[in-house]
Amino acid sequence: LIRDYALRVTYGNWDFLKNRSTDKMKFARHRLAWVAYIGGKRESRRITGDVILMEQDILNKTRYPDASFTTTWPIDLHYPRESEVFTGEPFRSVARSQRIDPYPVPFRCLYSADVSNLFMAGRNISVTHVALGTVRVMRTCGMMGEVVGMAASVCKKHNVSPRDVYQVHLKELKELMKTGVPSKL
289 LIRDYALRVT YGNWDFLKNR STDKMKFARH RLAWVAYIGG KRESRRITGD
339 VILMEQDILN KTRYPDASFT TTWPIDLHYP RESEVFTGEP FRSVARSQRI
389 DPYPVPFRCL YSADVSNLFM AGRNISVTHV ALGTVRVMRT CGMMGEVVGM
439 AASVCKKHNV SPRDVYQVHL KELKELMKTG VPSKL
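Its first residue numbered 289, the sequence shown is counted upward by one per residue in this note's numbering.
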């Protein structure tokens, strides 16, 4: 139902732009080249880590000793936009962005509080809905992956859990983060 509805929205908007919009001449020579059959989600389930990053942390610039990767994207949230013309389920959205200063996210958001050997990197890290609005972008997710890879190497080297990296081997992880990932392996 959701997939079909999303396709209806996509093709309905395209039809409007091509045939009924006041700007339809701008789109007269445009073609719709591709539509994802199943759209990507902005968010889904998130796993709870030892720290849950919140909006207040970012806006108040809360300092954590295990600062790992930096987010620079604004807090970018999307909300359904009601329409007086269309009375069905809202499918258009409005984006609201709140500028932030670059913010270092704690390493403790990158491992599970409940599953001792589980790392996460991406849209499933330990953040609130609002904080996800700044960490969910690809470059930031890529940096998360680098930190998790470095931390996993520390786990393997010392035969420890992700939490132990924070509690016992944080200095070593920080040195790895300072050095960075080699450009050629």
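Even for Gly, the Cβ is constructed at its ideal location relative to N, Cα and C. Note that this is a predicted model, so its numbers are computed, not measured.
Exposure of arginine 424, with buried meaning 16 or more beta-carbon neighbours within 10 Å: Here residue 424 is taken as the residue at index 136 of the sequence shown, counted from 1. Result: buried.
Identity of the residues DSSP links to alanine 383 by a beta bridge: Position 95 of the sequence shown, counted from the first residue, corresponds to residue 383. Alanine 383 is bridged to His366.
C-alpha gap between cysteine 443 and serine 449, whole angstroms: Walking along the sequence shown from the start, residue 443 turns up at place 155. Walking along the sequence shown from the start, residue 449 turns up at place 161. Answer to the nearest angstrom: the Cα atoms are 6 Å apart.
Beta bridge counterpart(s) of phenylalanine 357 as assigned by DSSP: As a working mapping, residue 357 is identified with position 69 in the sequence shown. Paired residue(s): Val393.
Identified DSSP bridge partners for tyrosine 399: Start at 1 with the first residue of the sequence shown, and residue 399 comes out as number 111. According to DSSP, which records beta bridges pairwise, tyrosine 399 is partnered with Phe407.
Boundaries of the alpha helix (DSSP H) in which lysine 466 is found, first to last residue: Working through the sequence shown from its first residue, we reach residue 466 at position 178. Its alpha helix (DSSP H) spans residues 458-467.
Reference isoleucine 388; option with closest CA among Ala401, Asp402, Pro362: Here residue 388 corresponds to residue number 100 of the sequence shown, with the count starting at 1. When only C-alpha atoms are compared, the closest one is Pro362.
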